[in-house]
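Asker:
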Amino acid sequence: MSGPASAFTERWKQTGSLTALREAIERGGRLRHVIARRAGLSESDLVAMEHLMREPLGPGDLARILDVSTAASTGLVDRLAQRGHVRRHPHALDRRRTQVEVTASGREEVLAHLLPMFVSLDRLDRSFTEEERAVVERYLRGVVATFDELEAQPPPSDA
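In case it helps, full-length UniProt numbering puts the sequence shown at residues 1 to 159.
1. Pick from Thr-15, Arg-32 and Gly-58: whose alpha carbon is nearest that of Thr-70?
2. Per DSSP, what kind of secondary structure is Val-100 in: helix, strand or coil?
3. Could you spell out where the beta strand (DSSP E) holding Val-68 opens and where it closes?
4. Does the distance from the C-beta atom of Val-100 to that of Leu-62 stay below 9 angstroms?
5. Are there 16 or more other CB atoms within 10 angstroms of the CB of His-85, so buried, or fewer, so exposed?
6. Exposed or buried, Ser-73, counting other C-beta atoms within 10 Å across all chains shown (16 or more means buried)?
7. Check whether the Cβ atoms of Ser-44 and Leu-21 lie closer than 9 angstroms to each other.
8. For Pro-4, does the three-state DSSP call read helix, strand or coil?
9. Who are the near neighbours of Leu-31 in its chain, counting only those whose CB is closer than 8 angstroms to its CB and skipping five residues on each side?
10. Output needed for Leu-124: all residues of its chain with C-beta closer than 7 angstroms, excluding positions within five of it in sequence on either side, in chain order.
This is the structure we're talking about:
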């Protein structure tokens, strides 16, 4: 007996763009593992560094982002601080809270591992016209919106 998901996939045509997207997502997942290993970090450590490089966060914020307990998040911050990648300081508005920010050396170490990819992607991006980049951006923003919608959905019930 096949359900709606099977019925859809049986008639779904995998276009070149969908295949390339799936391959890019798979490679990105593997690359995160490789970069983390090369940097001597766990994948969770690397993901935390990626978020902290955007903005300082508290351990509780990191716990929510990483979907781990606050104790696990605190341990992660402890490891990163011990390596000199992050530092803790009191929150600017609420001194009871702690903020975690990436150190200059931590940022540089992570970025050094990512630099070859950044250079290659920059070269690729510059090979497109403005119009082509607009189409690629529209496609990728649609992909992100689709992922966000899926993440926000409740899990299917076991009917």
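All residues carry an ideal CB built from backbone N, CA and C; glycine is no exception. Since the structure is predicted, the reported quantities are computational estimates derived from the model, not experimental observations.
Answerer: If we stick to the structure as given:
1. Taking the first residue of the sequence shown as position 1, residue 70 is located at position 70. Checked all of Thr-15, Arg-32 and Gly-58; the closest Cα to Thr-70 is Gly-58.
2. If you number the sequence shown from 1, residue 100 lands on position 100. Of the three classes helix, strand and coil, the one that applies to Val-100 here is strand, per DSSP.
3. By one-based count along the sequence shown, residue 68 stands at place 68. From DSSP, Val-68 is part of no beta strand (DSSP E); its letter is neither H nor E.
4. Taking the first residue of the sequence shown as 1, we reach residue 100 at position 100. Taking the first residue of the sequence shown as 1, we reach residue 62 at position 62. Yes, Cβ-Cβ distance for Val-100 and Leu-62 is below 9 angstroms.
5. Taking the sequence shown and counting its residues from 1, one reaches residue 85 at position 85. It is buried - the Cβ of His-85 has at least 16 other Cβ atoms within 10 Å.
6. Stepping through the sequence shown from its first residue, residue 73 is reached at position 73. Answer is buried; the Cβ neighbour count reaches 16.
7. As a position in the sequence shown, residue 44 is number 44, starting the count at 1. As a position in the sequence shown, residue 21 is number 21, starting the count at 1. No, the pair does not count as a contact, with Cβ atoms beyond the cut-off.
8. In the sequence shown, counting from the first residue as 1, residue 4 sits at position 4. Pro-4: helix per DSSP, three-state reduction.
9. For the purposes of this step, residue 31 is taken as the residue at position 31 of the sequence shown. Within the same chain, Leu-31 has close Cβ partners Met-117.
10. Counting from one through the sequence shown, the residue named residue 124 turns up at place 124. Excluding positions up to five away in sequence, the list is empty.
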